[in-house]
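*Asks:*
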Amino acid sequence: MSTLNWTVVAAATDPARDGWADAAIIADVAAPRFVTWDEVVAEKASFQSGETVLFERMSGWDMPNPVAGQRARYREFATALAQLGAAVDDGGATLAAAVAPTLLTVDRAERDVFLRANGVPVLEGSDLDEAGRNILRPRFAATDDWIVDGWQKTLFLHRARDGFHVRRSPAEAVHGVRELKRITELLAADGIYAVANLHRAHLHNDYHDIRFALIDGEVTHAAGVVCGRTVHRPWYGGRRRELDAFLTRFGAARWEKLVLLAERTATLFPGVRSLGVDLCLDNAAAEYVFDVDPFGADLPGALGMKNTVGDGVPVRAAVLRALSAAS
Amino acid sequence: MIQDFRHDALATFHGLPVFVFDFADAADLEGGGLPADVEAWAWRVGVSDFEGPNGDEVWELFLASVDTTRIKALTLAAWYPDEAGIGWPEWHEKVIAAAGRFPNLEALFVADIPSEMSEVSWIEQADPGPLLAAFPGLVEFGVRGTGDLSMKPLVHERLRELTVQTGGLPPEIVRVLGESSLPALTGLDLYLGTSRYGGGATADDLAPILSGATFPNLRHLGLRNAEDTDNLAAAVAHAPVVAQLESLDLSLGMLGDEGAAALLAGQPLTHLRTLILRHHFLSDEMISRLWEALPDTEVDVDEQNAPGTAGERYIAVSE
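Structure below.
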């Protein structure tokens, strides 16, 4: 068993705790110490020299309803993350994801400005008036997520006695332009990230983006994620037929191009050891960075590629392998 | 009750996220293809690809690779890739033959097919009676599509929730359902649909259900996706069953102010915990009246459509 000394900061009810506990068994490392975000915010968390500290989202994994408060939660997260960084520094421990690049990734608008300035292709900005013909997501995505991709959405307007709220449903909802306009009006104060639409690549019976897990800058896992939908509980294990379809249609050279784009993106977020990068692509040659996740790629079930640190294990176990190798 | 049907397959069922098992090649399952927590998912088994394998190949691999004794919830997707609306007798036969391998099955949904594979009106359903008989432990059962369906009254001792999703539920099927023996039934959701697709059930067809005598333990009644919602509402306003309900659902249909007014003029509804009317043609004034009259009831008035005339209204699910 590895001597890795590690701690996970996560809310008390975050299911990611179970994920890390399972990963410890797979990676043959000691079980983690858990610290809650509440303890961090209350300045009751302390860390020790030699300890590696990972952190999860403060909230949002349970898809809260109604949809609101992303901007406020982002501010809370930024404050808490700064406190965590200070506490980790005080103890002589090490954060597995540096504070500044983490915050940059979860402000999609600022992140795109930064990526574009560094020559990384991102979708052109769009306008809320184009809703229905573009892609809308929350600007601040650290704690909450939704997507309106063209007309596809799982958001709907809920009419309560105290007014209208935006809610999300497990199934796709399709409504008219009037409702979509109302939804954007209600969410605007929280910040909406709007980009131009892209007719995505059709791979094995659906339209997909490609999600990469990168550990220490290297692509370790990949899967196609169905565009424009929020899957209630995704599973990416087994043979990825959409990736087979990609290779059949576009060949290994385009795949390598995607890998290089994901890895080039990771170089721009130094100090974030486990990064998720989503790329969107069309049926021709267009490829863009669509999202960057500082909490690591959400690819439950997916096993890593051969000859990488993730070989044959899920993302979190691969992270622990990498941390063990360096400890 | 089961997630609303508009055009998608179910994302959740029986309170569980759906796992899509549409594999026919064992190689697809290598490398962690299946989640280990079998009981934590609702398994959607069958064809989901126009160019995919036939259902029998998927079913065989499913039985060979999943510990079905742990499965609590199962939904059946298409049997044939190119004609998703047919093949239900074959599907039923296979599932009935394997019933002993599902000792813990609590929930079953038949024809979980998105409209992109088959419009609901194209689904030629088979009699669900033998399926129910093969699974005496079921507590939740649902079926989508009733084209060409003929059936006998259902008989099941434990079934608590029954859902029938259609674009047109034949009146004769409604009457047969009203003759069913489902003593444990607490929830009933019927998508009544339009006469253009075989629907058109009236209050007379629903009389045994509305009387409260057929299902004495009923707590939720959904008369949904109905063309004739205003008249149904007027019938419900005086229906004995309402007194025993906690939840009444007249959603997805053509409810207008006339129907809502009839509802409010009838028996008291203040005991209802929820009144679900979403996808309606009510005026703002009528919505205010409902809220005022039912201060402690959660009244779902989402999806307000322009009131228009009765001839301009439409139901949520038809073809």
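Here the protein sequences line up with chains A and B, keeping their order. Heads up, the first sequence is in the working numbering, so the first residue is 1 and it goes up one at a time. Heads up, the second sequence is in the working numbering, so the first residue is 1001 and it goes up one at a time. Every residue, glycine too, gets a C-beta built ideally from N, C-alpha and C. Model, not experiment: these values are computed from the prediction.
Apart from the five residues on each side of it in sequence, which residues of its chain come closer than 7 Å, Cβ to Cβ, to Ser126 of chain A?
*Replies:* Taking the first sequence and counting its residues from 1, one reaches residue 126 of chain A at position 126. The answer, listed in chain order, is Asn134, Ala194, Val195 and Ala196.
*Asks:* For Leu1061 of chain B, name the three-state secondary structure that DSSP assigns.
*Replies:* For the purposes of this step, residue 1061 of chain B is identified with residue 61 of the second sequence, where counting begins at 1. Helix, per DSSP.
*Asks:* Flag Phe246 of chain A as yes if its beta-carbon sits less than 8 Å from any beta-carbon of chain B, otherwise no.
*Replies:* The count along the first sequence starts at 1 and reaches residue 246 of chain A at position 246. Chain B contact via Cβ: absent.
*Asks:* At a CB distance below 8 Å, what residues from the stretch 233-265 of chain A approach chain B? Give them in sequence order.
*Replies:* Of all residues in the stretch 233-265 of chain A, Arg233, Trp235, Gly237, Gly238, Arg239 and Arg241 have a Cβ within less than 8 Å of some Cβ in chain B.
*Asks:* Could you work out which residues of chain A lie near Leu1034 of chain B, taking near to mean beta carbons separated by less than 8 Å?
*Replies:* The residue given as residue 1034 of chain B occupies position 34 in the second sequence. Those are Gly237 and Gly238, listed as they occur along chain A.
*Asks:* Just to confirm, are Val88 of chain A and Val41 of chain A a CB contact at a threshold of 8 Å?
*Replies:* Counting from 1 along the first sequence, the entry for residue 88 of chain A is found at position 88. Counting from 1 along the first sequence, the entry for residue 41 of chain A is found at position 41. Result no, Cβ atoms of Val88 of chain A and Val41 of chain A do not sit closer than 8 Å.
*Asks:* Threshold first: 3 residues or longer. Then list the beta strand (DSSP E) segments lying entirely within the stretch 1123-1160 of chain B, N to C.
*Replies:* Runs found: 1140-1144.
*Asks:* Just the chain A side, please: which residues come within less than 7 Å of Val1045 of chain B by C-beta, in chain order?
*Replies:* The residue given as residue 1045 of chain B occupies position 45 in the second sequence. Within 7 Å Cβ-Cβ: nothing; Val1045 of chain B doesn't reach chain A, min ~15 Å.
*Asks:* Residues of chain B with a CB under 7 Å from the CB of Phe156 of chain A: which are they?
*Replies:* As a working mapping, residue 156 of chain A is identified with position 156 in the first sequence. Here the neighbours are Asp1302.
*Asks:* For Arg73 of chain A, count neighbouring C-beta atoms within 10 Å of its own C-beta (all shown protein chains included) and say buried if the count is 16 or more, exposed if not.
*Replies:* For the purposes of this step, residue 73 of chain A is taken as residue 73 along the first sequence, with counting starting at 1. Buried: at least 16 other Cβ atoms inside 10 Å.
*Asks:* Between the stretch 1015-1031 of chain B and chain A, which residues of the former have CB atoms less than 7 Å from a CB of the latter, in chain order?
*Replies:* Taking 7 Å as the Cβ-Cβ cut-off against chain A, the residues of the stretch 1015-1031 of chain B that qualify are Pro1017, Phe1019, Ala1027, Asp1028, Leu1029, Glu1030 and Gly1031.
*Asks:* So Arg1219 of chain B and Gln1244 of chain B are in contact, right, with Cβ under 8 Å, and what is the actual spacing, rounded?
*Replies:* On the second sequence, residue 1219 of chain B is found 219 positions in, with the first residue counted as 1. On the second sequence, residue 1244 of chain B is found 244 positions in, with the first residue counted as 1. With a Cβ gap of about 7 Å, Arg1219 of chain B and Gln1244 of chain B count as contacting.
*Asks:* Mind checking Gly1100 of chain B: buried by the 16 CB within 10 Å criterion, or exposed?
*Replies:* Counting from one through the second sequence, the residue named residue 1100 of chain B turns up at place 100. Gly1100 of chain B comes out exposed.
*Asks:* Considering only heavy atoms of the ligand FAD, does any lie closer than 7 Å to the CB of Asp127 of chain A?
*Replies:* What this structure holds is no ligand at all, so the ligand FAD is not there to describe.
*Asks:* What does Arg159 of chain A touch in chain B if you count any residue whose Cβ is under 8 Å from its own?
*Replies:* Your numbering for residue 159 of chain A matches position 159 in the first sequence. The contacting residues are Ile1287, Val1301, Asp1302 and Gln1304.
*Asks:* Taking DSSP as the reference, what is the three-state secondary structure of Ala109 of chain A?
*Replies:* In the first sequence, the residue the question calls residue 109 of chain A occupies position 109. Residue state, collapsed to three classes: helix.
*Asks:* Residues in the same chain with beta-carbon distance under 8 Å from Pro1171 of chain B, minus the five sequence neighbours each way, listed in chain order, please.
*Replies:* Within the second sequence, residue 1171 of chain B is the residue found at index 171, counting from 1. Here the set comprises Gly1199, Gly1200, Ala1201, Thr1202 and Asp1205.
*Asks:* Which stretch, first to last residue, makes up the beta strand (DSSP E) that contains Gln1003 of chain B?
*Replies:* Position 3 of the second sequence holds residue 1003 of chain B. Element bounds for Gln1003 of chain B: n/a, residue is neither H nor E.
*Asks:* Which partner residues does Ile330 of chain A have in the DSSP bridge list?
*Replies:* Past the edges of chain A, shown from 1 to 327, lies residue 330 of chain A, and the structure says nothing about it.
*Asks:* Is the beta carbon of Pro1081 of chain B closer than 8 Å to that of Val1047 of chain B?
*Replies:* Looking up residue 1047 of chain B in the second sequence gives position 47. Looking up residue 1081 of chain B in the second sequence gives position 81. Yes, these two residues count as a Cβ contact at 8 Å.
*Asks:* Relative to the alpha-carbon of Trp235 of chain A, which residue among A:Asp145, A:Phe55, A:Phe295 and A:Pro300 has its alpha-carbon at the smallest distance?
*Replies:* By 1-based counting over the first sequence, the position of residue 235 of chain A is 235. The shortest Cα separation from Trp235 of chain A among A:Asp145, A:Phe55, A:Phe295 and A:Pro300 belongs to A:Pro300.
*Asks:* Given this structure, state the Cα-to-Cα distance separating Glu179 of chain A from Gly191 of chain A, to the nearest angstrom.
*Replies:* As a first step, residue 179 of chain A is located in the first sequence; it is residue number 179 there, counting from the start. As a first step, residue 191 of chain A is located in the first sequence; it is residue number 191 there, counting from the start. Rounded to whole angstroms, Glu179 of chain A to Gly191 of chain A spans 18 Å at the Cα level.
*Asks:* Hey, which unbroken runs of the alpha helix (DSSP H) at 4 residues or more fall wholly within the stretch 15-102 of chain A?
*Replies:* Whole alpha helix (DSSP H) segments, 4+ residues: 16-27, 37-41 and 70-91.
*Asks:* Just the Cα atoms here: how many angstroms apart are Leu1154 of chain B and Gly1308 of chain B?
*Replies:* Walking along the second sequence from the start, residue 1154 of chain B turns up at place 154. Walking along the second sequence from the start, residue 1308 of chain B turns up at place 308. Each residue's alpha carbon lies about 39 Å from the other.
*Asks:* For my contact list, Val122 of chain A and Asp107 of chain A are in at a C-beta cut-off of 8 Å; report their separation, rounded to the angstrom.
*Replies:* Within the first sequence, the letter at position 122 stands for residue 122 of chain A. Within the first sequence, the letter at position 107 stands for residue 107 of chain A. Not really, about 13 Å apart at Cβ, beyond 8 Å.
*Asks:* Rounding to the nearest angstrom, what Cα-Cα distance links Asp145 of chain A and Gln70 of chain A in this structure?
*Replies:* For the purposes of this step, residue 145 of chain A is taken as the residue at position 145 of the first sequence. For the purposes of this step, residue 70 of chain A is taken as the residue at position 70 of the first sequence. Between Asp145 of chain A and Gln70 of chain A, the C-alpha separation is close to 9 Å.
*Asks:* Does Leu1012 of chain B have its Cβ less than 8 Å from a Cβ in chain A?
*Replies:* Position 12 of the second sequence, counted from the start, is the residue given in the question as residue 1012 of chain B. This sequence places Thr at residue 1012 of chain B; Leu is not what is there. By this cut-off, Thr1012 of chain B is an interface position.
*Asks:* Using a C-beta cutoff of 8 Å, does Thr134 of chain A count as contacting chain B?
*Replies:* Numbered from 1 along the first sequence, position 134 holds the residue referred to as residue 134 of chain A. The sequence given here places Asn at residue 134 of chain A; Thr does not occur at that position. No, its Cβ sits nowhere closer than 8 Å to a Cβ of chain B.
*Asks:* Tell me where the alpha helix (DSSP H) around Asp1284 of chain B begins and ends.
*Replies:* Taking the second sequence and counting its residues from 1, the one referred to as residue 1284 of chain B is at position 284. Residues Asp1284 to Ala1293.
*Asks:* For Gly50 of chain A and chain B, any beta-carbon pair shorter than 8 Å?
*Replies:* Here the question's residue 50 of chain A lines up with position 50 in the first sequence. Not closer than 8 Å to any Cβ of chain B, the Cβ of Gly50 of chain A fails to qualify, so no.
*Asks:* List, in order along the chain, the chain B residues whose C-beta lies closer than 9 Å to that of Gly91 of chain A?
*Replies:* Position 91 of the first sequence, counting from 1, holds the residue named residue 91 of chain A. Simply none; closest approach about 36 Å.
*Asks:* Comparing C-alpha positions only, which one of B:Ala1260, B:Arg1278 and B:Leu1294 sits nearest to Asn1305 of chain B?
*Replies:* For the purposes of this step, residue 1305 of chain B is identified with residue 305 of the second sequence, where counting begins at 1. Comparing Cα-Cα distances from Asn1305 of chain B to each of B:Ala1260, B:Arg1278 and B:Leu1294, the minimum goes to B:Arg1278.
*Asks:* Could you work out which residue in A:Ala262, A:Leu4 and A:Pro15 is closest to Ala96 of chain A when comparing CA atoms only?
*Replies:* Position 96 of the first sequence, counted from the start, is the residue given in the question as residue 96 of chain A. Of A:Ala262, A:Leu4 and A:Pro15, the residue nearest in Cα terms is A:Leu4.
*Asks:* Taking beta-carbon pairs under 9 Å, can you tell me which members of the stretch 300-320 of chain A lie near chain B?
*Replies:* Listed by position, the residues of the stretch 300-320 of chain A near chain B (Cβ gap below 9 Å) are Pro300, Gly301, Ala302, Leu303, Gly312 and Pro314.
*Asks:* In whole angstroms, give me the CA-to-CA distance for Phe1005 of chain B and Leu1248 of chain B.
*Replies:* In the second sequence, residue 1005 of chain B corresponds to position 5, counting from 1. In the second sequence, residue 1248 of chain B corresponds to position 248, counting from 1. The straight-line gap from Cα to Cα measures roughly 17 Å.
*Asks:* Would you call the CB atoms of Phe1141 of chain B and Leu1162 of chain B closer than 8 Å?
*Replies:* Against the second sequence, residue 1141 of chain B aligns to sequence position 141. Against the second sequence, residue 1162 of chain B aligns to sequence position 162. Yes, the Cβ-Cβ distance between Phe1141 of chain B and Leu1162 of chain B is below 8 Å.
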